[in-house]
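Working notes for the structure below.
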Amino acid sequence: MSWLLWASPQLDFNKMIQALQARYGDEAAERGKQWQALVVAHVNADELTQLKQVNDYFNGFLFANDDVVWKQEDYWATPVEFIGRAAGDCEDFTIAKYYTLLEMGFDASKLRLMYVKAVAYNQHHMVLTYYSKRGAIPLVLDNIDPAIKPATERGDLIPIYSFNADYLWLAKARGDGKLVGESSRLSLWRDLRERQSEFQHQPESKDLP
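Here the sequence shown stands for residues 2 to 210, where the numbers follow my numbering.
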(Lines of atoms letter the chains of each structure in order from A; the text may use other names.)
(Lines give C-alpha, C1' and ligand atoms only; values in the text may rest on other atoms or scores of the structure.)
Protein backbone atom coordinates (compact mmCIF):
# COMPACT_ATOMS: atom_id res chain seq x y z
CA MET A 2 0.00 0.00 0.00
CA SER A 3 1.24 3.46 -0.81
CA TRP A 4 2.34 5.35 2.28
CA LEU A 5 0.84 8.54 0.87
CA LEU A 6 -2.54 6.93 0.23
CA TRP A 7 -2.89 5.62 3.78
CA ALA A 8 -4.44 7.91 6.37
CA SER A 9 -4.32 7.13 10.07
CA PRO A 10 -7.88 6.75 11.43
CA GLN A 11 -7.09 7.70 15.02
CA LEU A 12 -3.42 8.25 15.84
CA ASP A 13 -1.47 11.32 14.75
CA PHE A 14 1.81 9.61 13.87
CA ASN A 15 3.51 12.84 12.78
CA LYS A 16 2.83 14.38 16.17
CA MET A 17 3.92 11.22 17.98
CA ILE A 18 7.21 10.98 16.07
CA GLN A 19 7.89 14.66 16.76
CA ALA A 20 7.23 14.02 20.46
CA LEU A 21 9.54 10.99 20.44
CA GLN A 22 12.28 13.09 18.85
CA ALA A 23 11.87 15.98 21.29
CA ARG A 24 11.48 13.92 24.46
CA TYR A 25 13.66 10.86 23.85
CA GLY A 26 15.99 11.57 20.91
CA ASP A 27 16.90 10.18 17.49
CA GLU A 28 16.70 6.47 18.29
CA ALA A 29 13.24 6.87 19.78
CA ALA A 30 12.04 8.79 16.73
CA GLU A 31 13.34 5.99 14.52
CA ARG A 32 11.40 3.46 16.61
CA GLY A 33 8.33 5.62 16.08
CA LYS A 34 8.83 5.44 12.32
CA GLN A 35 9.22 1.66 12.54
CA TRP A 36 5.99 1.49 14.52
CA GLN A 37 4.17 3.50 11.85
CA ALA A 38 5.67 1.29 9.13
CA LEU A 39 4.37 -1.79 10.95
CA VAL A 40 0.84 -0.39 10.88
CA VAL A 41 1.05 0.68 7.24
CA ALA A 42 2.47 -2.67 6.11
CA HIS A 43 -0.26 -4.73 7.77
CA VAL A 44 -3.33 -2.49 7.86
CA ASN A 45 -5.05 -4.64 5.19
CA ALA A 46 -3.84 -8.03 6.46
CA ASP A 47 -6.19 -10.56 8.05
CA GLU A 48 -6.72 -10.19 11.79
CA LEU A 49 -4.64 -13.21 12.85
CA THR A 50 -1.67 -11.89 10.87
CA GLN A 51 -2.10 -8.47 12.43
CA LEU A 52 -2.24 -9.99 15.92
CA LYS A 53 0.98 -11.91 15.36
CA GLN A 54 2.86 -8.99 13.83
CA VAL A 55 1.91 -6.61 16.63
CA ASN A 56 2.55 -9.17 19.37
CA ASP A 57 5.98 -10.06 17.98
CA TYR A 58 6.98 -6.44 17.44
CA PHE A 59 6.30 -5.24 20.95
CA ASN A 60 7.58 -8.41 22.60
CA GLY A 61 10.98 -7.39 21.24
CA PHE A 62 11.05 -4.50 23.71
CA LEU A 63 12.80 -4.78 27.09
CA PHE A 64 10.81 -5.71 30.18
CA ALA A 65 11.51 -3.41 33.12
CA ASN A 66 9.54 -2.54 36.24
CA ASP A 67 7.95 0.87 36.76
CA ASP A 68 10.30 1.76 39.61
CA VAL A 69 13.22 1.39 37.20
CA VAL A 70 11.72 3.08 34.12
CA TRP A 71 9.46 5.71 35.69
CA LYS A 72 10.64 5.89 39.33
CA GLN A 73 7.06 5.14 40.39
CA GLU A 74 5.45 2.13 42.01
CA ASP A 75 2.75 1.79 39.35
CA TYR A 76 2.55 3.74 36.09
CA TRP A 77 0.72 2.92 32.85
CA ALA A 78 2.70 4.32 29.94
CA THR A 79 1.22 5.57 26.68
CA PRO A 80 2.56 3.97 23.49
CA VAL A 81 4.75 7.05 22.92
CA GLU A 82 6.24 6.73 26.40
CA PHE A 83 6.79 2.97 26.02
CA ILE A 84 8.37 3.34 22.58
CA GLY A 85 10.38 6.31 23.80
CA ARG A 86 12.02 4.28 26.55
CA ALA A 87 11.89 0.98 24.60
CA ALA A 88 11.15 -0.64 27.95
CA GLY A 89 8.23 -1.16 30.27
CA ASP A 90 6.23 -3.64 32.27
CA CYS A 91 3.31 -5.88 31.31
CA GLU A 92 0.75 -3.06 31.28
CA ASP A 93 2.88 -1.05 28.87
CA PHE A 94 3.28 -3.99 26.46
CA THR A 95 -0.46 -4.62 26.57
CA ILE A 96 -1.52 -0.99 26.12
CA ALA A 97 0.81 -0.50 23.14
CA LYS A 98 -0.58 -3.63 21.45
CA TYR A 99 -4.15 -2.49 22.12
CA TYR A 100 -3.73 0.96 20.56
CA THR A 101 -1.79 -0.44 17.60
CA LEU A 102 -4.49 -2.98 16.77
CA LEU A 103 -7.17 -0.31 17.01
CA GLU A 104 -5.10 1.72 14.55
CA MET A 105 -5.03 -1.26 12.19
CA GLY A 106 -8.82 -1.23 12.17
CA PHE A 107 -9.84 -3.66 14.91
CA ASP A 108 -13.27 -3.14 16.40
CA ALA A 109 -12.78 -2.16 20.06
CA SER A 110 -15.39 -4.74 21.07
CA LYS A 111 -12.97 -7.50 20.00
CA LEU A 112 -10.16 -6.37 22.30
CA ARG A 113 -9.83 -6.30 26.07
CA LEU A 114 -6.96 -5.60 28.39
CA MET A 115 -7.13 -8.36 31.00
CA TYR A 116 -5.72 -8.29 34.50
CA VAL A 117 -4.76 -11.79 35.61
CA LYS A 118 -2.73 -13.66 38.19
CA ALA A 119 0.35 -15.29 36.68
CA VAL A 120 0.47 -18.52 38.65
CA ALA A 121 4.11 -19.36 37.93
CA TYR A 122 5.24 -15.97 39.22
CA ASN A 123 2.59 -15.63 41.94
CA GLN A 124 1.94 -12.05 40.90
CA HIS A 125 -0.54 -9.90 39.03
CA HIS A 126 0.00 -9.52 35.30
CA MET A 127 -1.73 -7.94 32.30
CA VAL A 128 -2.37 -9.42 28.84
CA LEU A 129 -4.38 -8.44 25.78
CA THR A 130 -7.27 -10.66 24.72
CA TYR A 131 -8.89 -10.89 21.29
CA TYR A 132 -12.45 -12.16 20.73
CA SER A 133 -13.24 -13.19 17.16
CA LYS A 134 -16.93 -12.82 18.02
CA ARG A 135 -19.11 -12.24 21.07
CA GLY A 136 -18.88 -15.19 23.44
CA ALA A 137 -15.84 -16.74 21.75
CA ILE A 138 -12.88 -18.09 23.70
CA PRO A 139 -10.34 -15.27 23.43
CA LEU A 140 -6.80 -15.47 22.14
CA VAL A 141 -4.15 -14.18 24.53
CA LEU A 142 -1.32 -11.81 23.56
CA ASP A 143 1.33 -11.89 26.27
CA ASN A 144 4.88 -10.72 26.83
CA ILE A 145 5.70 -13.71 29.08
CA ASP A 146 4.59 -16.43 26.67
CA PRO A 147 5.12 -15.03 23.16
CA ALA A 148 2.93 -17.64 21.45
CA ILE A 149 -0.66 -16.48 20.82
CA LYS A 150 -2.90 -19.13 22.39
CA PRO A 151 -6.57 -19.57 23.30
CA ALA A 152 -7.31 -18.67 26.92
CA THR A 153 -8.27 -22.31 27.53
CA GLU A 154 -4.60 -23.21 26.93
CA ARG A 155 -3.33 -20.64 29.41
CA GLY A 156 -3.92 -22.45 32.68
CA ASP A 157 -1.03 -20.44 34.09
CA LEU A 158 -3.22 -17.31 34.05
CA ILE A 159 -6.16 -16.76 36.39
CA PRO A 160 -8.48 -13.98 35.06
CA ILE A 161 -9.45 -11.22 37.49
CA TYR A 162 -11.01 -8.45 35.41
CA SER A 163 -10.87 -7.04 31.88
CA PHE A 164 -11.61 -3.70 30.24
CA ASN A 165 -11.39 -1.71 27.02
CA ALA A 166 -11.85 1.95 26.13
CA ASP A 167 -15.26 2.10 27.74
CA TYR A 168 -16.29 -0.93 29.79
CA LEU A 169 -15.12 -3.04 32.73
CA TRP A 170 -15.88 -6.74 33.27
CA LEU A 171 -15.23 -9.02 36.23
CA ALA A 172 -13.81 -12.36 35.15
CA LYS A 173 -16.15 -15.33 34.77
CA ALA A 174 -14.04 -18.42 34.16
CA ARG A 175 -12.37 -17.80 30.76
CA GLY A 176 -15.35 -16.41 28.87
CA ASP A 177 -16.79 -12.93 28.45
CA GLY A 178 -17.09 -12.00 32.12
CA LYS A 179 -19.74 -9.94 33.89
CA LEU A 180 -20.16 -6.30 32.86
CA VAL A 181 -19.85 -4.16 35.99
CA GLY A 182 -19.56 -0.61 34.66
CA GLU A 183 -17.37 1.79 32.75
CA SER A 184 -13.60 1.46 32.56
CA SER A 185 -13.20 5.09 33.66
CA ARG A 186 -13.53 3.68 37.19
CA LEU A 187 -9.88 2.61 36.80
CA SER A 188 -7.88 5.71 37.70
CA LEU A 189 -4.66 4.57 35.98
CA TRP A 190 -6.58 3.88 32.76
CA ARG A 191 -8.41 7.20 32.96
CA ASP A 192 -5.12 9.05 33.46
CA LEU A 193 -3.45 7.22 30.58
CA ARG A 194 -6.29 8.00 28.18
CA GLU A 195 -6.08 11.68 29.07
CA ARG A 196 -2.36 11.68 28.22
CA GLN A 197 -2.96 9.62 25.08
CA SER A 198 -5.61 12.08 23.84
CA GLU A 199 -2.76 14.44 22.86
CA PHE A 200 -2.03 12.10 19.95
CA GLN A 201 -5.57 11.20 18.84
CA HIS A 202 -7.14 12.58 15.67
CA GLN A 203 -10.54 11.78 17.15
CA PRO A 204 -11.95 10.28 20.35
CA GLU A 205 -12.06 6.52 20.65
CA SER A 206 -15.61 5.51 19.73
CA LYS A 207 -17.81 3.93 22.36
CA ASP A 208 -18.67 0.31 21.59
CA LEU A 209 -21.63 -1.64 22.91
CA PRO A 210 -20.86 -3.95 25.88
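A virtual CB, placed ideally from N, CA and C, is assigned to each residue, including glycine.
Residue(s) in a DSSP beta bridge with residue i
i, result
"His-125", "Lys-118"
"Ser-140", "At residue 140 the sequence reads Leu, which differs from the Ser that was named. According to DSSP, Leu-140 bridges with Tyr-131, Pro-151."
"Phe-64", "Gly-89"
"Gln-51", "The partner list for Gln-51 (beta bridge, DSSP) is empty, contrary to what the question assumes."
"Leu-158", "Ala-119"
"Arg-113", "Thr-130"
"Gln-201", "Leu-12"
Local conformation of residue i per DSSP, three classes
i, result
"Ser-133", "coil"
"Leu-1", "Residue 1 falls outside the range modelled here, since the chain spans only 2 to 210, and no answer is possible."
"Leu-224", "This structure leaves residue 224 out entirely; the chain is present only between 2 and 210."
"Gln-73", "coil"
"Thr-95", "helix"
"Ala-29", "helix"
"Ile-84", "helix"
"Asp-192", "helix"
"Asp-57", "helix"
"Lys-101", "Checking the sequence, you will find Thr at residue 101 rather than Lys. Three-state DSSP puts Thr-101 in a helix."
"Ala-42", "helix"
Proximal residues to residue i (C-beta, below 8 Å), its chain only, five neighbours per side dropped
i, result
"Asp-57", "Pro-147"
"Ile-96", "Trp-77, Ala-78, Thr-79, Pro-80, Phe-83, Leu-114, Leu-193"
"Asp-157", "Ala-119, Val-120, Ala-121, Asp-146"
"Asn-66", "Asp-90"
"Asp-75", "Asp-67, Leu-189"
"Arg-186", "Leu-169"
Nonlocal neighbours in the same chain, by C-beta distance under 6 Å from residue i, ignoring five residues either side
i, result
"Arg-32", "Ile-84"
"Phe-64", "none"
"Ala-29", "Leu-21, Gly-85"
"Arg-196", "Thr-79"
"Glu-92", "Trp-77, Met-127"
"Gln-73", "Asp-67"
"Thr-101", "Val-55"
"Tyr-116", "Met-127, Ile-161, Tyr-162"
"Tyr-132", "Lys-111, Pro-139"
Same chain, Cβ closer than 7 Å to residue i, five either side skipped, listed in chain order
i, result
"Asn-15", "none"
"Ala-87", "Arg-32, Phe-62, Leu-63"
"Met-17", "Gly-33, Val-81, Phe-200"
"Met-105", "Val-40, His-43, Val-44, Gln-51"
"Arg-155", "Val-141"
"Val-70", "Arg-86, Ala-88, Gly-89"
Quiz item: Are the region 142-158 and the region 114-126 touching by the rule of at least three beta carbon pairs closer than 8 Å?
Solution: Segments in contact, yes.
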